[in-house]
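Asker:
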Amino acid sequence: MRPTRRRTRLLLAASAAVAALAVPLGVHVARGADTGTAAEPPTPEPVGSECRTAIEGSRVVAYCHNPYPSTDLVQLHTECARWWDVDADGAAVAVAPGRTVRLEDRCWKEIATAWVSHRPAPL
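Using our numbering, read the sequence shown as starting at 1035 and increasing by one per residue.
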């Protein structure tokens, strides 16, 4: 056998051995297994006020308390029972951390439903 054929075969065998060792190592590093811990997404901070709504006849009152460290914007929505009575969306009110606000509205006659919507306050 010629020396060039032997060198060619030796080089092919060596490159195959290096590739066989490098592929599992690359997969191991790509999965992050070398750090020992898997990266977990951060848990979101809890937000939002706790609201209690009471309907009595043609009046609705809602108390919203914010136990969390960020300000929450709350808005009272009232749907009146009569078709000719105007439904209303109250103004958005900021509830600071640890504070309670009172929201109220009314219809001419009965109230069909009332609910409070939440959204985070702009920074």
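Idealized CB from N, CA, C, for every residue including glycine.
Bear in mind the structure is a predicted one, so any value in this text is a computation, not a measurement.
Thinking C-alpha only, which one of Arg-1140, Thr-1077, Cys-1085, Ser-1104 is nearest Gly-1124?
Answerer: The shortest C-alpha separation from Gly-1124 is found at Arg-1140.
Asker: Three or more C-beta pairs closer than 8 Å, one from the segment 1098-1106 and one from the segment 1114-1121: is that the case here?
Answerer: no
Asker: Quick check on DSSP: helix, strand or coil for Thr-1105?
Answerer: coil
Asker: Within the same chain, show all residues whose beta-carbon is closer than 6 Å to that of Val-1159, passing over the 5 residues directly before and after it, in chain order.
Answerer: The structure shown has nothing for residue 1159, since the chain only spans 1035 to 1157.
Asker: Alpha carbon to alpha carbon, how far is Ala-1073 from Pro-1156?
Answerer: Rounded to whole angstroms, Ala-1073 to Pro-1156 spans 30 Å at the Cα level.
Asker: Let me make sure I understand the geometry here. Which of Pro-1075, Arg-1039, Val-1081 has the alpha-carbon closest to that of Pro-1154?
Answerer: Val-1081
Asker: Of all the options Thr-1134, His-1152, Trp-1142, which has the alpha carbon lying nearest to the alpha carbon of Glu-1090?
Answerer: Ranking the options by Cα distance to Glu-1090, first place goes to Trp-1142.
Asker: Which partner residues does Asp-1139 have in the DSSP bridge list?
Answerer: Val-1094
Asker: Tell me which residues share the same chain as Cys-1085 and place their Cβ nearer than 6 Å to its Cβ, disregarding the 5 neighbours each side in the sequence.
Answerer: If we look at Cys-1085 and ignore the five residues flanking it on each side, its Cβ neighbours are Ala-1096, Cys-1098, Val-1150.
Asker: How would you write the range of the beta strand (DSSP E) that Ala-1130 sits in, first residue to last?
Answerer: That residue, Ala-1130, is in no beta strand (DSSP E); it is neither H nor E in DSSP.
Asker: In angstroms with no decimal places, state the Cα-to-Cα distance between Thr-1077 and Gln-1109.
Answerer: 27 Å
Asker: Would Val-1129 pass as a contact of Ser-1083 if the rule is Cβ separation under 8 Å?
Answerer: yes
Asker: May I ask you to report which of helix, strand or coil DSSP gives Thr-1077?
Answerer: The answer is coil: DSSP assigns Thr-1077 none of H, G, I, E or B.
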